[in-house]
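J.: Residue numbers (our numbering): 378 to 748.
Below: one structure in structure tokens.
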């Protein structure tokens, strides 16, 4: 088989173009957050609104992340949400940030994302993580086993199997050689087949050095979760670049980082909004996950000294303030990390604040309104 089959335009699908005065492409990570007093239906409608807004303003891609058993995060089924978003957008890239590979059979993921590729040809990304996206008990329920395999041996093997299904290139004699992920490349090789052999580019996601090194060795694009592992960002990106081997997918490293950022008309209002996300994290870290609290509830909450210390540390890594302050913070982060792309996630109670934040950030960078 031609090793470049389906790879010809993969580099072009991965690398974005900076808009306005931004030095790197800007993208969005959405968690479909559910605020107190809101429903999951409202949260999903807000995600559609954000996808439409960011598409109109020239953001490069829009990803959703797999989480489970968290009342305030309604993104348990990325493929379902992405299909919904594909029906309401036309240009913006859509993808998973990410699908947690150990939770699923590789064939199922290949089928789901082959279907998404057929729905939105040429604009689907498949981001993969090896963490469960939840606690151990929920992971066991998802996988129907108490043996949670996330080690160095299992994830690369699962990734290799998924890639084989995506490319439909198991070698002769392999137990899966006659199994095909459909929709997929096999349709192009069937009699009368006209299906495109292209498939979604694979990204590796991580918050430590494991996926950074693996992405580099395999020559894949890498997405680092700076928004919840800021101390590891620069070491992980350095490891990725040092480990990088050119591949049919990329001839040079390409790394994006996820960053929490929220802009408002005033610094005080931005602080009010991001405090809701900080309180959510306090509750999650202490085993009390719930809906995202309102700004009023977050302001009135009596933080213990230990909780206050956590909040201060957490908010230090959230870029927030006026549009100019956010732009300055994002530019400084780009310069410090050398990231090739920024993927912004705005965690707040209400959809209105998140929508407004993305609009203000677009204005701050002079991104065009594409209508």
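Quick reminder that beta carbons are idealized off the backbone N, C-alpha and C, glycines included.
Note that the structure is predicted; figures quoted are calculated from it, not measured.
Jot down the residue ranges of each uninterrupted alpha helix (DSSP H) in the stretch 660-694, minimum 4 residues, whole runs only, in chain order.
T.: 672-677, 682-692
J.: Comparing alpha-carbon positions, which option in 712, 679, 674, 723 lies nearest residue 697?
T.: Within the chain shown, residue 697 is the residue found at index 320, counting from 1. Considering only alpha carbons, the answer is 723.
J.: Per the contact definition of three or more C-beta pairs closer than 8 Å, is the stretch 430-450 in contact with the stretch 494-510?
T.: yes
J.: For residue 590, does the count of other Cβ atoms within 10 angstroms reach 16, so buried, or fall short, so exposed?
T.: Taking the chain shown and counting its residues from 1, one reaches residue 590 at position 213. Residue 590 comes out buried.
J.: Please go through the same chain and pick out, in chain order, the residues whose beta-carbon is closer than 6 Å to the beta-carbon of residue 706, but skip the five residues on each side of it.
T.: Here the question's residue 706 lines up with position 329 in the chain shown. The residues are 696.
J.: Whose C-alpha, out of 462, 495, 491, is nearest the C-alpha of residue 541?
T.: In the chain shown, residue 541 corresponds to position 164, counting from 1. Among 462, 495, 491, the Cα nearest to that of residue 541 belongs to 491.
J.: Look up residue 625 in the DSSP assignment and give the residues it is bridged to.
T.: Translated into positions along the chain shown, residue 625 becomes position 248. Paired residues: none, contrary to the question.
J.: How long is the line joining the alpha carbons of residue 566 and residue 489, rounded to whole angstroms?
T.: The residue you call residue 566 lines up with position 189 of the chain shown. The residue you call residue 489 lines up with position 112 of the chain shown. Looking at the two C-alpha atoms, the distance is approximately 20 Å.
J.: Suppose only complete runs of 4+ residues qualify. What are the alpha helix (DSSP H) ranges in the stretch 436-523, listed by chain order?
T.: 455-463, 483-496, 513-520
J.: Look at the alpha carbon of residue 419 and the alpha carbon of residue 411, and state the distance between them as a whole number of angstroms.
T.: Position 42 of the chain shown, counted from the start, is the residue given in the question as residue 419. Position 34 of the chain shown, counted from the start, is the residue given in the question as residue 411. Cα-Cα distance, rounded: 8 Å.
J.: Among residues of its own chain, excluding the 5 on either side of residue 409, which ones have a beta-carbon nearer than 7 Å to its beta-carbon?
T.: On the chain shown, position 32 is the one that residue 409 refers to. Cβ neighbours of residue 409 beyond the five flanking positions: 420, 421, 424, 441, 450, 451, 452, 458.
J.: Helix, strand or coil: which one does DSSP assign to residue 718?
T.: If you number the chain shown from 1, residue 718 lands on position 341. Three-state result, residue 718: strand.
J.: For residue 630, is the classification buried or exposed, using 16 other Cβ atoms within 10 angstroms of its Cβ as the cut-off for buried?
T.: Position 253 of the chain shown, counted from the first residue, corresponds to residue 630. Label assigned to residue 630: buried.
J.: Helix, strand or coil: which one does DSSP assign to residue 605?
T.: Reading the chain shown from its first residue, position 228 is the one you call residue 605. In this structure, residue 605 counts as coil in the three-state DSSP scheme.
J.: At which residues does the beta strand (DSSP E) containing residue 427 begin and terminate?
T.: As a position in the chain shown, residue 427 is number 50, starting the count at 1. Segment 417-433 is the alpha helix (DSSP H) holding residue 427; no beta strand (DSSP E) there.
J.: Within the continuous alpha helix (DSSP H) that includes residue 728, where are the two ends?
T.: Against the chain shown, residue 728 aligns to sequence position 351. 728-741 is the span of the alpha helix (DSSP H), which, as asked, contains residue 728.
J.: Would the beta-carbon of residue 692 fall within 8 Å of that of residue 659?
T.: Position 315 of the chain shown, counting from 1, holds the residue named residue 692. Position 282 of the chain shown, counting from 1, holds the residue named residue 659. Result no, Cβ atoms of residue 692 and residue 659 do not sit closer than 8 Å.
J.: Just to confirm my understanding: we take residue 748, look at its own chain, exclude 5 residues before and 5 after, and list those with CB closer than 7 Å. What are they?
T.: What you label residue 748 is simply residue 371 of the chain shown in a count that begins at 1. These residues qualify, in order along the chain: 433.
J.: For residue 469, I'd like the list of residues in its chain whose CB is within less than 8 Å of its CB, leaving aside the five on either flank, ordered along the chain.
T.: The residue you call residue 469 lines up with position 92 of the chain shown. So the list reads 428, 431, 432, 436, 437, 438, 439, 500, once near-sequence residues are dropped.
J.: Compute the Euclidean distance between the alpha carbons of residue 544 and residue 466, then round it to the nearest angstrom.
T.: Translated into the one-based positions of the chain shown, residue 544 becomes position 167. Translated into the one-based positions of the chain shown, residue 466 becomes position 89. If I take the Cα positions, the gap works out to 26 Å.
J.: Bridge partners of residue 638, per DSSP?
T.: Taking the chain shown and counting its residues from 1, the one referred to as residue 638 is at position 261. Its beta-bridge partners are 696.
J.: Sort out for me which residues DSSP pairs residue 407 with in a bridge.
T.: In the chain shown, counting from the first residue as 1, residue 407 sits at position 30. When DSSP reads this structure, residue 407 sits in a beta bridge with 441.
J.: Here's the rule I'm using: 16 or more other beta-carbon atoms within 10 Å means buried, otherwise exposed. How should residue 571 be labelled?
T.: Numbered from 1 along the chain shown, position 194 holds the residue referred to as residue 571. Its Cβ having fewer than 16 others within 10 Å, residue 571 is exposed.
J.: With DSSP as the reference, identify every bridge partner of residue 579, one or two as the case may be.
T.: By one-based count along the chain shown, residue 579 stands at place 202. Answer is 503.
J.: If we ignore side chains and look at the alpha-carbon of each, how far apart do residue 463 and residue 406 end up?
T.: Here the question's residue 463 lines up with position 86 in the chain shown. Here the question's residue 406 lines up with position 29 in the chain shown. If you take the alpha carbons of residue 463 and residue 406, they lie about 15 Å apart.
J.: Would you say residue 448 and residue 727 are within 8 Å of each other, going by their C-beta atoms?
T.: In the chain shown, residue 448 corresponds to position 71, counting from 1. In the chain shown, residue 727 corresponds to position 350, counting from 1. Contact: no.
J.: Tell me where the alpha helix (DSSP H) around residue 610 begins and ends.
T.: Working through the chain shown from its first residue, we reach residue 610 at position 233. 610-620 is the extent of the alpha helix (DSSP H) around residue 610.
J.: May I ask you to report which of helix, strand or coil DSSP gives residue 397?
T.: Position 20 of the chain shown, counted from the start, is the residue given in the question as residue 397. Reduced to three states, the DSSP call for residue 397 is coil.
J.: By how many angstroms is the C-alpha of residue 635 removed from the C-alpha of residue 506?
T.: As a first step, residue 506 is located in the chain shown; it is residue number 129 there, counting from the start. As a first step, residue 635 is located in the chain shown; it is residue number 258 there, counting from the start. The straight-line gap from Cα to Cα measures roughly 14 Å.
J.: Here's the rule: buried if 16 or more other CB atoms are within 10 angstroms of the residue's CB, otherwise exposed. What is residue 551?
T.: One-based indexing of the chain shown puts residue 551 at position 174. Label assigned to residue 551: exposed.
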